[in-house]
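Those sequence lines, one after another, are chains Y and A. Each residue of the first sequence is one higher than the one before, starting from 172 at the first, in the numbering used here. Each residue of the second sequence is one higher than the one before, starting from 789 at the first, in the numbering used here.
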Amino acid sequence: MSMAMAGILIAIPASIFVLLALTWKVLPRGGDFLVVLGFLAVWLLGLGIAADFTKHFHDGVFAPNGANVFSFDWINIGDGLFHIQFSTWVDSITVTMIVVVSTVALMVAIYSTGYMHGEERYGWYFAALSLFVTAMLTLILSGNLLQLYFAWEGVGLASFLLIGFYWERQSAAEAAKKAFITTRIGDVGLLIGIVLLWRVAGTFDIQGIIHFAEEGGFDKTYLTVAMLFLFLGAVGKSAQFPLHVWLPDAMEGPTPVSALIHAATMVVAGVYLVARMMPVFDVVPTAREVVLYTGLITAVMAATMGLVSNDIKRVLAFSTVSQLGFMFVALGMGAVGVAMFHLFTHAFFKALLFLGSGSVIHATHEQTVEHLGGLRKKLPITTWTFVIGSLALAGIIPFAGFWSKDEILHTAAHSHPMVYVILAGTAILTAIYSTRVVLLTFWGEPKDHHAYEHAHESGPIMAGPLVFLSLLAISSGFVIFHSVGAALGFPGGILETIFTEEPEVFHFDPVFAATAVGMSLAGIGIGFAYWWGDASRAVRARAWAPELHALLVNRYYIDDLYQAIIDRVILGLGNIVATFERHVVNEAGVDGGSQLIGWFGMRLKFLQTGRIPNYALAMAVGVVVLAVMAFRSA
Amino acid sequence: MSTSDGYILLVLTALPFIAALLLMITPSRERTAIIAITGLSSFVMFVLSVYVFQRYDWHSSEQFQGVLAWDWLQNVGFLGEHGIQIKVGIDGIAASMVLLTGIITMAGTWVSWKVRQRTKDFFILLYIVVGGVYGTFVSLDLFFFFLMYETAVMPMYMLIAIWGSTRKEYGAMKLMMMLVAASILIFTGIFAIFTEANIGSFDLTRLYAAHYSREMQIIFFPMIALGCGTLGGMFPFHSWSPDGHASAPTAVSMVHAGVLMKVGAFAIIRLGIQILPEGAQFWGPALITVGITAALYGAVSALKQTDLKLMSGFSSVSHMGYVFMGLGTMNVIGMTGSVLQMFAHGVMTALFFLLIGAMYDQSHNRDIPNFSGLAKRMPMWAIFFVIGALASLGLPGLSGFVAELHIFVGAFRAYPIVGGLAVLTAAITATYLLRMMSQMFFGEFNTRWDMLRDVTWAERAGATVLVLSILAMGLWPSPWVQRISTTLAQTIPGVSL
Chain Y
172 MSMAMAGILI AIPASIFVLL ALTWKVLPRG GDFLVVLGFL AVWLLGLGIA ADFTKHFHDG
232 VFAPNGANVF SFDWINIGDG LFHIQFSTWV DSITVTMIVV VSTVALMVAI YSTGYMHGEE
292 RYGWYFAALS LFVTAMLTLI LSGNLLQLYF AWEGVGLASF LLIGFYWERQ SAAEAAKKAF
352 ITTRIGDVGL LIGIVLLWRV AGTFDIQGII HFAEEGGFDK TYLTVAMLFL FLGAVGKSAQ
412 FPLHVWLPDA MEGPTPVSAL IHAATMVVAG VYLVARMMPV FDVVPTAREV VLYTGLITAV
472 MAATMGLVSN DIKRVLAFST VSQLGFMFVA LGMGAVGVAM FHLFTHAFFK ALLFLGSGSV
532 IHATHEQTVE HLGGLRKKLP ITTWTFVIGS LALAGIIPFA GFWSKDEILH TAAHSHPMVY
592 VILAGTAILT AIYSTRVVLL TFWGEPKDHH AYEHAHESGP IMAGPLVFLS LLAISSGFVI
652 FHSVGAALGF PGGILETIFT EEPEVFHFDP VFAATAVGMS LAGIGIGFAY WWGDASRAVR
712 ARAWAPELHA LLVNRYYIDD LYQAIIDRVI LGLGNIVATF ERHVVNEAGV DGGSQLIGWF
772 GMRLKFLQTG RIPNYALAMA VGVVVLAVMA FRSA
Chain A
789 MSTSDGYILL VLTALPFIAA LLLMITPSRE RTAIIAITGL SSFVMFVLSV YVFQRYDWHS
849 SEQFQGVLAW DWLQNVGFLG EHGIQIKVGI DGIAASMVLL TGIITMAGTW VSWKVRQRTK
909 DFFILLYIVV GGVYGTFVSL DLFFFFLMYE TAVMPMYMLI AIWGSTRKEY GAMKLMMMLV
969 AASILIFTGI FAIFTEANIG SFDLTRLYAA HYSREMQIIF FPMIALGCGT LGGMFPFHSW
1029 SPDGHASAPT AVSMVHAGVL MKVGAFAIIR LGIQILPEGA QFWGPALITV GITAALYGAV
1089 SALKQTDLKL MSGFSSVSHM GYVFMGLGTM NVIGMTGSVL QMFAHGVMTA LFFLLIGAMY
1149 DQSHNRDIPN FSGLAKRMPM WAIFFVIGAL ASLGLPGLSG FVAELHIFVG AFRAYPIVGG
1209 LAVLTAAITA TYLLRMMSQM FFGEFNTRWD MLRDVTWAER AGATVLVLSI LAMGLWPSPW
1269 VQRISTTLAQ TIPGVSL
């Protein structure tokens, strides 16, 4: 297995996409087997690349800061002046992402063959899935910022197509539109940031820009502005405040898509981007502070919104937004390895939770938690895998989420005590809402008996990925241990090789960990106290502060505010311009001009009277005037 | 490209006129013959256009390739040696435009076979337009350049007034009046150039070599830019364009927005920037201002349009604004972007008009709020439309992005604020296109439109050709970029990279 396989990694899903997009209607089973086999190949190849990477790392041949594997010119004007070279770049961050993307993609593809069975546009779904994986792999392998932008928009397109998969539903069409336009606002920032960097550095090559920045080529203020624009792209794609509004609505898409795109891969593209550009962020600490506090605000805000949502998928969506906030906090503190570690574990347990919620929806055709309940007897596999995922999310030892969240808290406690306090509070909230969803869905009495009666576990095709991912949700955190890392071929544990070029020490402090677990347990306890049984205490709590509840249910009225801005300000501006166009440019300018000429014609026509005396008089006057002029000039 | 390829250029210009002549002697009732003539000739034009584009050699240091010249009038009156010649030849810019014309003519011909009223006359006039367009792109003689330019514009009046819809007389008259008024400015500019050069010749290569005083360039560049710009839909002289397009028949909208508006922008480069570079440098900032204003203005206007064709018309104003913005940057990247945008916008706007026509011919309704869930009834139509819209909003991998990227980068090199505004415009474009699509294509199907049928085979073929062009340029833009950027770097004195 060679590193040059990186190009093939992209080519596999790309060719499947082209084939399926053209022929899904005639292929047997819509060509889903091609996608599953293709993703399997991508997964194996991805693991091969990871193994290869660690081997080279071991030999010392392959520097931890990566290698340019494959490249060709896309555009070249003025011999290198405006030079866009498509290339693949493989380093530790890339390898982590490859493993995450290929694993979750394979699980989701297998699961989808069951979940999407019988859909009218079944084959098209798989085509769009392949498009997504193509773009996502291109994104994480990009050695060049413009190529990254190319892929960045590509994953956005695939997300748009898949959110709008049930486009007959107006809400799905609206959600797809909202997602595209909101992320597009971020993308405007990203493109501006990229061009601003190029303008001074003269290259789109990521490593070139990093070198240039490290050598102090940029003016500090200029670089801060550029990096903030770049970060705006990450904010849009990773659904951070204030551009977080699209992700909860994106749950209109099929559930496996939510697991792949809106939990494990595409939404972490922003984290990936900031991690990738971290050496440049290090040069401008102000920009890094912005990353930190954006993440912090989002983490808290999304967790509170998750507390009150009644839609099982939306709770998970809010949770994703909140967890992405955690990652940005880690990045803001400069801890790339920690952020990537949380990205890694989160991808597995959050994909698991989404697929689990999909299993519930598939069984009951219901996704409002208040209509569910008691499903643990009907759906045992779903229940217990979901519980594993929730424990990982809540941060209970030894599940995967614990290790990575503990690292974030640990980093914060040492450098930003206030941030630590807020994050710890958010971790408690996380435990509370996870418990709430589990209790309302799987415990208690069934509220909708019709849905409950028909519910049954959906067979190995869907249960298999759940079990596989739950194993990862338990174990993926262990890679942090030196012994496990060494067993997998990473010398000295994973944090010191895979996640960063500058080793970060793994801090396991029993007292600290006990505190963290204690807080999570407290959160779970609160959850039980409120939602166990008939949840009467939760109802009373709601009645106690109805305004607060309304504020959270309405997501702090941010969506309404944006809607008002679009309706009043932007469309208002459109009205003004349209009126100006109609009355000033058209009626006054063009039509007015022609009427003015017509009016002159009307007036001037009276000069042509047809009477000889009038003409003779005019002639006489003319002769006199000419004579005077001739006389004076002489 | 060798000299013998110059004969191809001549053939390309002559072929549409020959086809028009053949049609004139064909009886109107012989539909098969009409289809055969137009189908064959447009296919040959397409093939020759691709050949010309492919044969243009951007490694060569010669500015014009395939140059052929015959003297037509000389040493009489004010004309000196080589006064007026029949002279053809292309540079990288013209090569791209020739390719564009070939693509759009073929697709436009296919979808026009469904025109039932006076089919023959329609094609005669359409092919005269096409001949004029080819003639303008390949002429290296200012006299014939202007003659061909006017030949391309004039038949528009009849094409819209006879075969149009809604307010067709108004639209046709407005278009004609504004374009003729603009031609007066060009005419004046041409004679100013001729007089100032003082070589008694309309030969463009000789005119390029001549000297023009800075004052003269500063005075006359705006005349050329405004005159040609009006045909290119330059703000604030764009108002013929939405109305004209709204009333024109499908193929006329396609050829007009797809190619003829590009003739306007092309003429700014040929006559304005290449002959009067100092004037262009001086007025560059003004051109950028006009361009970015048009881009924003058109996009914001399009937000509020309910007529699909008017929305498309304002979208064109916005996209042509990018073209002027790129020209105003006066650097190779930005100007390359302009020419790329001429090509990209030509193809995608032709696609839009083709599809709007395909629906309007059945529904006789283009009011966006009247429709919903059309993708259910017309899936292929919706897919083509979505691809066009994605290209229009600048999605990477499609042609619009390549063009806009160059323009943004060029603008950022010149004035970062303008670059930022230009990128913002792309977001507004996304907004109006997605609002339209989510209203018309998605949601529950409105059964009032049960009688609609999906695109016919002819329309499907035409749309496929256009979509393939969008993809080709979007995925592999190098052939266009190399031809255009080397030409610009070679031919415009004082232009920066």
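Note that beta-carbon positions come from the ideal geometry of N, C-alpha and C, so glycine has one too.
**Item:** Expected contact under 8 Å - CB spacing of A:A1251 and A:F1172 to nearest Å
**Value:** Correct: roughly 4 Å between the Cβ atoms.
**Message:** If the criterion is Cβ atoms closer than 8 Å, does the pair Y:A501 and Y:H517 meet it?
**Reply:** Their beta carbons are not under 8 Å apart, which means Y:A501 does not touch Y:H517 by this criterion.
**Message:** Taking its Cβ as the centre, do 16 or more other Cβ atoms sit within 10 Å of Y:E673, making it buried, or is it exposed?
**Reply:** For Y:E673, the predicted structure reports a pLDDT of 47, less than 50, and the residue's modelled location is therefore unreliable. A value from the coordinates is still provided. Y:E673 counts as exposed, since fewer than 16 other C-beta atoms from the protein chains shown sit within 10 angstroms of its C-beta.
**Message:** Along the region 1262-1275 of chain A, where does the CB come closer than 7 Å to a CB of chain Y? Name the residues.
**Reply:** Correct list: P1265, S1266, V1269 and S1273.
**Nearest-angstrom Cβ-Cβ length linking A:P1167 and A:D1238, presumed shorter than 8 Å** = About 15 Å separates the beta carbon of A:P1167 from that of A:D1238, a gap too long to meet the 8 Å contact definition.
**Item:** Y:D806, buried or exposed, once every other Cβ within 10 Å from all chains shown has been counted against 16
**Value:** The shown model of chain Y, from 172 to 805, leaves out residue 806 of chain Y, and the question about it has no answer.
**Asked** Mind listing which residues of the region 342-353 of chain Y have their C-beta closer than 7 Å to chain A's C-betas, in chain order?
**Response** Listed in chain order, the positions of the region 342-353 of chain Y with a beta carbon within less than 7 Å of a beta carbon of chain A are A344, E345, K348, F351 and I352.
**Asked** Under the three-state reduction of DSSP, which class applies to A:G865: helix, strand or coil?
**Response** Here A:G865 sits in coil by DSSP.
**Prompt:** Just checking my contact of A:Q853 with A:M789 at CB under 8 Å: how many whole Å lie between their CB atoms?
**Reply:** Indeed they touch by this definition, with Cβ atoms about 4 Å apart.
**Request:** With Y:V416 as the anchor, note down where its beta strand (DSSP E) starts and where it stops.
**Result:** Neither: Y:V416 is in no beta strand (DSSP E) and is coded neither H nor E.
**Item:** Under 7 Å from the C-beta of A:V1088: neighbouring residues of chain Y
**Value:** Against A:V1088, the close residues of chain Y are L744, G745 and V748, in the order they occur along the chain (beta-carbon pairs closer than 7 Å).
**Prompt:** By how many angstroms is the C-alpha of Y:A644 removed from the C-alpha of Y:F303?
**Reply:** So the alpha carbons of these two residues sit roughly 24 Å apart.
**Message:** Would A:T1081 and A:H1194 qualify as a contact pair, given that the criterion is a beta-carbon distance under 8 Å?
**Reply:** Going by beta carbons, A:T1081 and A:H1194 fall outside the 8 Å limit.
**Request:** Look up A:A857 in the DSSP assignment and say whether it is helix, strand or coil.
**Result:** A:A857 falls in the strand class under three-state DSSP.
**Prompt:** If you drop the 5 nearest sequence neighbours on each side, which residues of the same chain put their C-beta closer than 7 Å to that of Y:H415?
**Reply:** Within the same chain, Y:H415 has close Cβ partners T469, A473 and V492.
**Prompt:** Along chain Y, in chain order, which residues have C-beta atoms closer than 8 Å to that of A:G1208?
**Reply:** Result: I363.
**Item:** Extent of the continuous alpha helix (DSSP H) to which A:W1286 belongs
**Value:** A question about residue 1286 of chain A goes unanswered here, because the residues of chain A that appear run from 789 up to 1285.
**Asked** Is the region 242-260 of chain Y close to the region 1101-1114 of chain A, with three or more CB pairs under 8 Å?
**Response** In short, these stretches do not touch, since the Cβ pair count stays below three.
**Message:** Taking CB distances under 8 Å as the criterion, tell me whether A:G1231 reaches chain Y.
**Reply:** The beta carbon of A:G1231 sits closer than 8 Å to some beta carbon of chain Y.
**Asked** Start and end of the alpha helix (DSSP H) containing Y:G285?
**Response** Here the alpha helix (DSSP H) through Y:G285 covers S263 to Y286.
**Request:** Apply the 10 Å Cβ neighbour rule to Y:N315 and answer buried if 16 or more other Cβ atoms are within range, or exposed otherwise.
**Result:** A residue is called buried when at least 16 other Cβ atoms come within 10 angstroms of its Cβ; Y:N315 meets this threshold and is buried.
**Item:** Residue-chain proximity (A:Y1085, chain Y), Cβ-Cβ < 8 Å
**Value:** Taking CB atoms only, A:Y1085 has a neighbour in chain Y less than 8 Å away.
**Prompt:** How would you call Y:P681, buried or exposed, if buried means at least 16 neighbouring beta carbons within 10 angstroms?
**Reply:** Label assigned to Y:P681: exposed.
**Request:** Examine chain A for any beta-carbon lying closer than 8 Å to the beta-carbon of Y:F321, and answer yes or no.
**Result:** With 8 Å as the cut-off, Y:F321 counts as an interface residue toward chain A.
**Request:** Could you say which of Y:F557, Y:H254 and Y:M278 lies nearest to Y:F639 if we only look at CA atoms?
**Result:** The residue with the shortest Cα to Cα distance from Y:F639 is Y:M278.
**Request:** Report all residues from its chain with a CB closer than 8 Å to the CB of Y:V367; omit the five preceding and five following residues, and keep chain order.
**Result:** One detail in the question is off: residue 367 of chain Y reads as Leu in this sequence, not Val. Taking Y:L367 as the centre and dropping the five residues before and after it, the same chain places the C-beta of Y393, V396, A397 and F400 closer than 8 Å to its C-beta, in chain order.
**Message:** Applying the 10 Å Cβ sphere with the 16-neighbour rule, what's the burial state of Y:D376?
**Reply:** The C-beta of Y:D376 has 16 or more other C-beta atoms within 10 Å across all chains shown, which makes the residue buried.
**Request:** Give a yes or no on whether 8 Å exceeds the smallest Cβ distance from Y:Q411 to chain A.
**Result:** Taking Cβ atoms only, chain A never reaches closer than 8 Å to Y:Q411, which makes this a no.
**Request:** With Y:V500 as the anchor, note down where its alpha helix (DSSP H) starts and where it stops.
**Result:** Boundaries of the alpha helix (DSSP H) around Y:V500: I483 to G503.
**Request:** Pick out whichever of Y:D730, Y:P450, Y:F297 and Y:F683 has its Cα sitting closest to the Cα of Y:A384.
**Result:** Selected option, being the one with the closest Cα: Y:P450.
**Item:** Residues sharing a beta bridge with Y:I248, DSSP
**Value:** Beta-bridge partners assigned by DSSP to Y:I248: Y:F253.
**Item:** chain A within 8 Å of Y:F253, Cβ atoms only
**Value:** Judged by the 8 Å Cβ criterion, Y:F253 is in contact with chain A.
**Message:** For Y:I181, which residues in the same chain have their Cβ closer than 7 Å to its Cβ, ignoring the five residues on either side in sequence?
**Reply:** Cβ contact annotation for Y:I181 (same chain, cutoff 7 Å, sequence separation greater than five): T305, L308, T309 and L312, in chain order.
**Message:** Can you look up Y:S409 in the DSSP assignment and give me helix, strand or coil?
**Reply:** Coil at Y:S409, not helix or strand.
**Request:** Could you name the residues of chain A that Y:F765 contacts, counting a contact when the two beta carbons are closer than 7 Å?
**Result:** For the record, residue 765 of chain Y in the displayed sequence is Ser; it is not Phe. What Y:S765 touches in chain A, judged by beta-carbon distance under 7 Å, is M965, going in chain order.
**Asked** Apart from the five residues just before and just after Y:W703, which ones in its own chain have a Cβ nearer than 7 Å to its Cβ?
**Response** Excluding five sequence positions before and after Y:W703, the CB atoms of its chain that fall closer than 7 Å to its own CB belong to L610, given in chain order.
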